[in-house]
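Peer 1: Counting from 10, one number per residue, gives the positions in the sequence shown under this note's numbering.
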Amino acid sequence: MKAWKIMGRGLGLVLFLMTLALQAATFTVTNTGNSGAGSLRQAITDANDQFGPDRIVFFIPGTGPFLIALLSQLPQINETVTLDATTQPGYTGRPLVVLDGVAAGNAYGLLVLADDCVIRGLVIHRFSRDGIRLENVSRCIIQGNFIGTDANGQNAAGMGENGIGISGGTGHLIGGLSAAERNVIGGCTENGIIIAGAGAQGHRIWGNFIGTDATGMAALGNLQSGVVLYGVSSNEIGGLAAGAGNLISGNRQSGIYLLGPGADGNRILGNRIGMNAAGTARLPNQQDGITLLQAAANLIGDCRASGANIISGNSEAGIYMGGASTSNNVVIGNRVGVNPAGTVAISNQWGIAIENAPRNFIGGSAPGAGNQISGNQVVGLTIQGLSAMQNRVEGNRIGTDAAGRTALANEGPGIYITAPSNYIGSPLPGAGNVISGNRASGIHIENPSANGNIVQGNFIGLATDGFSALGNDFHGIIIQLDASNNRIGGTGPGEGNRIGYARMVDYDGVRVLDQGVGNSIRGNAIINPSGLPIDLGSGGPTANDPGDTDEGSNLLQNYPVLNVVTGRFAIHISGQLSSRPQQTYLLDFYLTTTSNQIWLGEAQVATDGSGQAAFAVTLTNTLGATGTIAATATDEAGNTSEFSPAITLATPANTDTDGDGMPDDYERAFGLNPLNASDAAGDADGDGASNLQEYLAGTHPLNAGSRVHISALYFSQCENVVVKATGGVRGRLVLERATQLNGPWQALSPSLPALGLPLRWVDADFAERRFYRIRLE
């Protein structure tokens, strides 16, 4: 009996499912009437009365376009249906069936109240409400429609509210990956697409033209924004797949608008925003390309090239972030202010603007995470407002082409800061920004509110190789209008910036103006500035004053005076600091050559009751370079002085008595024997590198931590192998790879200059097993 009952239930279930399948039906629209047999109104009514997933197809006689002039709201769609106007004979990729709502009263074009519906191939315009409204339903597909346009997709016909309005629900697909699936949404009184309502998530907006005509070459703007996500999370605008990116241009407000609270965890990938479909000219959204207000933890871009948004040509900011709750947003891998290739400017007013928004990430140290922010009309990146704290700007190219080799200028500063406690660059490999080629200063920090900012590890006025000149017009960094307690560089590994090559005469590496104090400027390499390396106050050197009692920029801190400089690999420096009495100071010493500057080290001194401190220090110069020696002084509050007058380092004879490849001066400086050639093969510090190898690399032969070595090896978020190396200040380093430990070894291009900074290579062609090694060129 039990077995019979189970079998009976199973048979009943099969019969029930067969009945459901038999109830699915197809209804055909055969005329353009407002109502009656063969009309669209009747087809929707019939489909609502029919249980199951039905189809509505079109077979209207004649030559299109076919205008259905509605006199009232169509029936709401209550049952799952596929409404497919691409079935109309003569359809070749452009809609032929037009729903016109000018006489329909207070009506939506289509109101969908059922899950899993599909709407394809219609022109929908001139309704007083939304063109298509999806109300608390899920998994609907909207493809191949012209919404708010005329039948040709060339002119605005209008829509009373939004093109597509989505309230709640999950999993809708608006558009698709092919041109035939693309919706063209323009000319609407409000927004192209708006998603709002509790639980609205998992919706995908792919491959549409929003705010343009059907060619993507002319504006057909919606009067508000292109796409609005209002208090909703986990939706996707664009995507990584080919064809998933939208063209969102020509709208009267922003291209994309994320408004919270609750507008969190959304992804914006692979779109073109503010330009034409070809990526050749501006087609501006009249406000920002992307606006975030009270929106948190959203992702804009991706380190993979297919996820990069091209955000260019907008009338205000490419990306704007505003409000104290707009935080933890990640902006990576985008091009902002340029064409898709990153070679030609298509300017926004500002590239990226952060106003009172804390803890956001612009770029990153991972391969591909940096943004290109170039070609903008005012500034590349601006951070303003008291709440705009702890934002991180890493790995970007600001003012250059995509390769970071030639200028593609922002017309003002690369970065402009009036906010406190932000991070520009980082000591980590790959985290430094290239801020070069801009029409004003590389970084401009001003106002009393701009305090506690940290600028480290950047190339400012140089190309990506860290040597080639790519100057900003004005100062490398300017700090003015009482901005205080900022840190420029540092003496730890990778903390120093490389700054140089201002294009205009008498502009400095770092200029501090007005009454700002506590601005620490240490450990940087300032190369060939047209003015001074560091300039406090008005242009030109500021003389030391007795007792150092003067006020002004960094308290016009006195610099040390060098008396004697001798040696080459071991440099002996003596001199005097005259400053405020009974204070402790850090002295930094720099070797400047024709094309480089090297921080040699520091010494701490304390002034006596009369403010005097004599010093004598010995510093190693593993590179053995010659040039001039200068120094700065920094007090306990972080006020760094200008550079001292430089003393030329005498060049001794480069004698190698024992012929072991190491100069006698080098051997004497590090306790080796200039008369014993076997020293070359020795390893004085036991780090695995011979003394000769350490000389060739410019590392310290008595310090096991000073050596060229692979310091990290890992998979990045984009599935590349990242190899990091540290050590070496001479020559160029080559990373080699092999699939077997005994080779053969292949060089991984490019070689990188040994700057004494952490270095990074990316291996995109990784194998199941791979070995890496570093070689000095």
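Cβ coordinates follow ideal geometry from the N, Cα and C atoms, glycine included.
Can you find the residues in the same chain that come closer than 6 Å, C-beta to C-beta, to residue 274, ignoring five residues on each side of it along the sequence?
Peer 2: 242, 243 and 306
Peer 1: Where are the beta strand (DSSP E) runs, 3 residues long or more, that stay fully inside the stretch 597 to 683, in chain order?
Peer 2: 606 to 615, 621 to 629 and 637 to 643
Peer 1: Would you call the stretch 448 to 465 and the stretch 475 to 491 in contact, with 3 or more CB pairs under 8 Å?
Peer 2: yes
Peer 1: Using CA coordinates, which residue listed in 421, 413 and 364 is at the minimum distance from residue 400?
Peer 2: 364
Peer 1: Just how far apart, CA to CA, sit residue 38 and residue 71?
Peer 2: 13 Å
Peer 1: Relative to the alpha-carbon of residue 428, which residue among 357, 421 and 462 has its alpha-carbon at the smallest distance?
Peer 2: 462
Peer 1: Please report the residue range of the alpha helix (DSSP H) in which residue 53 lies.
Peer 2: 49 to 58
Peer 1: Checking 8 Å against the spacing of the C-beta atoms, do residue 311 and residue 282 come in under that value?
Peer 2: no
Peer 1: Let me make sure I understand the geometry here. Which of 551, 358, 118 and 93 has the alpha-carbon closest to that of residue 81?
Peer 2: 118
Peer 1: Give the DSSP bridge partners of residue 515, in chain order.
Peer 2: DSSP output for residue 515 lists no bridge partner at all.
Peer 1: Using a Cβ-Cβ distance cut-off of 8 Å, determine whether residue 754 contacts chain C.
Peer 2: Within the model displayed, chain C is absent; a lone protein chain is all it includes.
Peer 1: Beta strand (DSSP E) containing residue 78: first to last residue?
Peer 2: 75 to 78
Peer 1: Look at the alpha carbon of residue 103 and the alpha carbon of residue 162, and state the distance between them as a whole number of angstroms.
Peer 2: Computed Cα separation, rounded: 9 Å.
Peer 1: Reducing DSSP to helix, strand and coil, say where residue 366 ends up.
Peer 2: coil
Peer 1: Take residue 31 and list the residues in its own chain whose beta-carbon comes closer than 7 Å to its own, dropping the five residues that flank it on each side.
Peer 2: In this prediction, residue 31 has a pLDDT of 45, which is less than 50 and means its spatial position is unreliable; nothing more can be read from the coordinates.
Peer 1: Check each candidate in 572, 389, 397 and 498 and name the one with the smallest Cα separation from residue 446.
Peer 2: 389
Peer 1: Just tell me which of 172, 499 and 122 has its CA closest to the CA of residue 136.
Peer 2: 172
Peer 1: Out of 554, 152 and 194, which has the shortest C-alpha to C-alpha gap to residue 159?
Peer 2: Checked all of 554, 152 and 194; the closest Cα to residue 159 is 194.
Peer 1: Rounded to a whole number of angstroms, what is the C-alpha to C-alpha distance between residue 620 and residue 611?
Peer 2: 20 Å
Peer 1: Compute the beta-carbon to beta-carbon distance between residue 318 and residue 369, rounded to the nearest angstrom, for a pair I have assumed lies under 8 Å.
Peer 2: In fact, because the Cβ distance is near 16 Å, the residues do not count as touching under 8 Å.
Peer 1: If you draw a straight line from the C-alpha of residue 257 to the C-alpha of residue 514, how long is it?
Peer 2: 43 Å
Peer 1: Buried or exposed for residue 98, please, with buried defined as at least 16 other CB atoms from any protein chain shown within 10 angstroms of its CB.
Peer 2: So residue 98 counts as exposed.
Peer 1: Identify every run of the beta strand (DSSP E) within the stretch 458 to 534, keeping only runs that are complete inside it and at least 3 residues long; order them along the chain.
Peer 2: 486 to 489, 496 to 498, 507 to 509, 519 to 521 and 529 to 531
Peer 1: Residue 420 by DSSP, collapsed to three states: which one?
Peer 2: coil
Peer 1: Which whole-angstrom value describes the C-beta separation of residue 587 and residue 572, a residue pair presumed to lie in contact below a C-beta threshold of 8 Å?
Peer 2: About 13 Å; that fails the 8 Å criterion.
Peer 1: Could you round the C-beta distance between residue 280 and residue 247 to whole angstroms and report it? I think they count as a contact, below 8 Å.
Peer 2: 4 Å
Peer 1: Ignoring anything shorter than 3 residues, give me the beta strand (DSSP E) runs that lie fully in the stretch 544 to 586, in order along the chain.
Peer 2: 570 to 575
Peer 1: Using a Cβ distance threshold of 8 Å, determine whether the stretch 684 to 692 contacts the stretch 633 to 652, with at least three qualifying pairs required.
Peer 2: no
Peer 1: So what's residue 63 in DSSP terms, helix, strand or just coil?
Peer 2: strand
Peer 1: What's the C-alpha gap between residue 781 and residue 747?
Peer 2: 7 Å
Peer 1: Return the first residue and the last residue of the beta strand (DSSP E) that residue 205 is part of.
Peer 2: It spans 202 to 205 - the beta strand (DSSP E) in which residue 205 sits, taken as one unbroken run.
Peer 1: Measure the alpha-carbon distance for residue 661 versus residue 577 and round it to whole angstroms.
Peer 2: 7 Å
Peer 1: In whole angstroms, give me the CA-to-CA distance for residue 67 and residue 772.
Peer 2: 54 Å
Peer 1: For the beta strand (DSSP E) that residue 152 lies in, which residues bound it at each end?
Peer 2: 150 to 152
Peer 1: What residue from 536, 296, 523 and 656 has the CA that sits closest to residue 359's CA?
Peer 2: Distances from the alpha-carbon of residue 359 to those of 536, 296, 523 and 656 put 296 closest.
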